[in-house]
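Q:
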Amino acid sequence: MSVEQEIKNGAARFEAAFNRGDAAAIGADYAEDALLLPPESPAERGRQAVESGYRELFEAGWKNITIGSIEIGSDGDLAYHIGTYAADVPTTEGTTTRDKGKYLDVYKRQGDGSWKIQATMFNSDEPASQ
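Going by my numbering, the first residue of the sequence shown is number 59, and it counts up by one from there.
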């Protein structure tokens, strides 16, 4: 299977796991020392931190994500996936809005030949609320 297809399959797994609220399934596609770079928050390192970060999003009310692909590339043992997302997210007024944004996943080939996410950065297309 090509690297591009493996990344597309991983994106489909992410979307399904997110919509089930399954942080452990999301974490399974991350390297043990992965880095999560969420907006307006400190960086978090490690698969457990990644799972915890997604669990916090679910507990805050994030749901119904759809993701799209802009670009996938690879060179040697590194690959990347640039994409878009849209998700229902809670507002400060207690309602829900559809947020749209973008993300960057950096993949690293593991010793067993599998590809795991080494780093994820995402942010909204909307201006930060003050």
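Every residue gets a Cβ at the ideal spot worked out from N, C-alpha and C, and that includes glycine.
Which of the three DSSP states is assigned to residue 90 in this structure?
A: Residue state, collapsed to three classes: strand.
Q: State the beta-bridge partners of residue 132 as determined by DSSP.
A: Paired residue(s): 137.
Q: What's the C-alpha gap between residue 136 and residue 104?
A: Roughly 18 Å between the two C-alpha positions.
Q: Can you find a C-beta in chain C that's less than 9 Å from the C-beta of residue 91?
A: This model lacks chain C altogether, as it is built from one protein chain only.
Q: Whole angstroms is fine: what's the gap from residue 68's alpha carbon to residue 92's?
A: Distance between the alpha carbons of residue 68 and residue 92 is about 15 Å.
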